[in-house]
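In what follows, a structure is listed as C-alpha cells, so that the remarks can point back to it.
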Amino acid sequence: MTELADDTAERGPDAPRRNRRPVPALVFLLVLALAAMGVWWNVLSDEKAREQAEEAVCSSASNVPTELDPATVSIRVYNATDTPGLAGEVTTTLQSRGFVVTETANDPSTADVTGVGELRFAGPGREAADFLRLYLPGATNRVDTRSTGVVDLVIGPDFAGLASEEEVAAALLEAASAEADC
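Here full-length UniProt numbering is used: position 149 in the sequence shown is 149, and no number is missing along the way.
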C-alpha cells in the first residue's frame with residue numbers, strides 16, 4: 001500500500017486542462033450534414049422523376065384508343081398527293097382488314113395536307129378516328145362540323161404505308177398494359 005501512496009505523491013496537483021477548440025468538431029459535423037443533405041436531395045429528386053414518369057404514362061394511357069370492330073368504322077379515303085391510284089391501294093388494304101370504305105377519290109378539300117396525312121371527323125367520329133390513327137401513325141386531326149361518325153382518311157405526301165396488323169396489335173397491347181399499370 002505504501003507504493004500506491006508514493007505514486008499519488010509524485011503526481012502532484014492536477015495539472016490545468018488545456019481548453020479544446022471546437023472548430024474541428026464543428027467542421028466535421030458541418031461536412032456530415034452537407035453529405036446527408038446531398039443524399040436526401042438525390043432521393044427526393046429521383047422520387048419526383050419517378051412520379052413524373054408515372055404521370056406521363058398514365059396520361060398517355062388515358063388517351064388510349066379503344067379497340068373497335070373495323071366493320072363498325074366507316075371511312076372515306078382521299079388522296080392529297082401527286083401519286084395516282086394511292087387512294088385505291090389504301091382502300092383495298094383497309095377493306096381487306098374489315099373496314100367499311102364508302103368513298104375513294106382525290107381530296108375534294110382545298111386544304112393543304114402535310115406529313116403522313118390527316119383524319120377529318122366530328123364529335124361522333126372521334127373514337128373511330130382514334131382507332132384509325134393506329135393504322136396511320138403520325139396523322140394529324142382536323143375536326144369539322146359533320147353530323148355523322150364517318151372519318152375521312154386523307155393521304156399526305158409523306159405517306160409510306162399503313163401500319164401492319166402486327167404493329168396495330170402491338171400498339172393496342174402496349175396501351176392496354178400502360179392502362180393496367182395506372
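Every residue, glycine too, gets a C-beta built ideally from N, C-alpha and C.
Look up residue i in the DSSP assignment and give the residues it is bridged to.
i, result
"residue 106", "79"
"residue 140", "118"
"residue 74", "100"
So for residue i, helix, strand or coil by DSSP?
i, result
"residue 164", "coil"
"residue 20", "coil"
"residue 133", "coil"
"residue 45", "helix"
"residue 68", "coil"
"residue 177", "helix"
"residue 39", "helix"
"residue 150", "coil"
Between residue i and residue j, what straight-line distance do the alpha-carbon atoms span, to the nearest angstrom?
i, j, result
"residue 132", "residue 159", "15 Å"
"residue 91", "residue 123", "23 Å"
"residue 21", "residue 41", "32 Å"
"residue 155", "residue 47", "44 Å"
"residue 79", "residue 139", "14 Å"
"residue 85", "residue 68", "28 Å"
"residue 72", "residue 66", "13 Å"
"residue 102", "residue 95", "10 Å"
Around the C-beta of residue i, are 16 or more other C-beta atoms found within 10 angstroms, so that it is buried, or is it exposed?
i, result
"residue 152", "buried"
"residue 99", "buried"
"residue 145", "exposed"
"residue 134", "buried"
"residue 38", "exposed"
By Cβ distance, which residues of its chain are closer than 6 Å to residue i, with the 5 residues on each side in sequence left out?
i, result
"residue 157", "81"
"residue 121", "129 and 151"
"residue 107", "78, 80 and 154"
Leaving out the 5 sequence neighbours to the left and right, which residues in its chain are closer than 7 Å to residue i when beta-carbon positions are compared?
i, result
"residue 174", "none"
Skipping 5 residues on each side, what residues in its chain have a beta carbon closer than 8 Å to that of residue i?
i, result
"residue 184", "Residue 184 is absent from the structure shown; the chain starts at 1 and stops at 182."
Consider the C-beta atom of residue i and the heavy atoms of the ligand PLP; say whether any pair is separated by less than 7 Å.
i, result
"residue 123", "With respect to small molecules bound, the structure shown includes none, and the ligand PLP cannot be examined in it."
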